[in-house]
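S.K.:
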Amino acid sequence: MSFDLEKILESKRALRRELAARPLEEKLRMLDALRERVLAIRQAKPAPDADVLREEPPPGGKTDKPA
Amino acid sequence: MNIKELIALINQMQSDGIIERYAIGGAVGATFYLEPIATLDVDIFVTFKPETGKAIVSLQPVFDYLKARGCAMRGEYIVIAGWPVQFLPPTSRLVEEALRDAVTMDVEGTLACVFTAEHLAAIALQTGRAKDKARLLQFIEARALDAARFQAIVARHGLVDVWKRFEKQFLSDTS
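Note that the protein sequences, when read in sequence, are chains A and B. Numbered per my numbering, the first sequence spans residues 81 to 147. Numbered per my numbering, the second sequence spans residues 2 to 176.
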């Protein structure tokens, strides 16, 4: 079994392009499903340790929420 | 949990005059142009009709309207159709412009007002956290940006140096 990294990356890019091109309705349904999965994973794992490195909030706080 | 229902309720709130304009930003906004991006909340940027004598914008009318329709507050979010939603007044000239230039998209009969791809990318550049940079790279790799339009926004909002640093860090060919 061989690993052609460039081939793997290209197939990932192709999948992302294909997903991006899907109808908006379908993509929004996927968002609903993705959120449910993320919540299920969060509920299943133990609470993170206090010393886990986290990203800082943006300057100006949450009201400057980005794209 | 249904994001289309959420958009329909925001449209109704706009029709009822509670907000003047709105536009979807964040990961949900980006999903209109890219592959679906997992997120836990929805960012809705809003403007209100100016009221004489009131200098401070209050989101209370939004919360009152939504609570009367069964939506619950959860911290700084209000939960609509199962999604925590954050309503954000524009906090910079860039976001003000993004709201003004937002586009309307048809999601099988439900209209959704969304920031343009170029404004989403410029806001990501301006905010500059790791996940914002990753988002900006996604827009570039997906060729979802009109380069001239994006560069004009970058120049108009004083982000040229930030963009040059981003280009040097992520887009220059080091091979």
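We put the beta carbon where it would ideally sit given N, CA and C, even for glycine.
Could you give the distance in angstroms between the alpha-carbon of residue 116 of chain B and the alpha-carbon of residue 91 of chain A?
M.R.: Residue mapping note: residue 116 of chain B aligns to position 115 of the second sequence, counting from 1. Residue mapping note: residue 91 of chain A aligns to position 11 of the first sequence, counting from 1. Each residue's alpha carbon lies about 29 Å from the other.
S.K.: Distance check for residue 11 of chain B and residue 88 of chain B, CA to CA, integer angstroms please.
M.R.: By 1-based counting over the second sequence, the position of residue 88 of chain B is 87. By 1-based counting over the second sequence, the position of residue 11 of chain B is 10. C-alpha separation (whole angstroms): 11 Å.
S.K.: Output the distance between the C-alpha atoms of residue 8 of chain B and residue 120 of chain A, rounded to the nearest integer angstrom.
M.R.: Counted from its first residue, the second sequence places residue 8 of chain B at position 7. Counted from its first residue, the first sequence places residue 120 of chain A at position 40. Cα to Cα, the separation comes out at about 24 Å.
S.K.: Can you check the segment 31 to 65 of chain B for any beta strand (DSSP E) of at least 3 residues that lies completely inside it and give the ranges in chain order?
M.R.: 43 to 48, all fully within the segment 31 to 65 of chain B.
S.K.: List in chain order: all unbroken alpha helix (DSSP H) runs of 4+ residues lying wholly within the segment 98 to 128 of chain A.
M.R.: The segment 98 to 128 of chain A contains these whole alpha helix (DSSP H) runs: 104 to 124.
S.K.: For residue 68 of chain B, collect the residues of the same chain with a Cβ closer than 8 Å to its Cβ; drop the 5 residues on either side in sequence, then sort them by chain order.
M.R.: For the purposes of this step, residue 68 of chain B is taken as the residue at position 67 of the second sequence. Answer for residue 68 of chain B: 74 and 79, listed in chain order.
S.K.: DSSP has residue 112 of chain B in a bridge; who is on the other side?
M.R.: The sequence position of residue 112 of chain B within the second sequence is 111, counting from 1. B/107, per the DSSP bridge assignment.
S.K.: Can you tell me which of B/33, B/71, B/126 and B/83 puts its alpha carbon nearest to the alpha carbon of residue 96 of chain B?
M.R.: Along the second sequence, read from residue 1 onward, the residue named residue 96 of chain B stands at position 95. Here the closest residue by C-alpha is B/126.
S.K.: Nearest by alpha-carbon distance to residue 31 of chain B: which of B/166, B/120 and B/130 is it?
M.R.: Locating residue 31 of chain B in the second sequence gives position 30, counting from the first residue. Among B/166, B/120 and B/130, the Cα nearest to that of residue 31 of chain B is on B/120.
S.K.: Just grab the DSSP bridge partners of residue 85 of chain B for me.
M.R.: As a first step, residue 85 of chain B must be located in the second sequence, where it is residue number 84. In DSSP, residue 85 of chain B forms a bridge with B/80.
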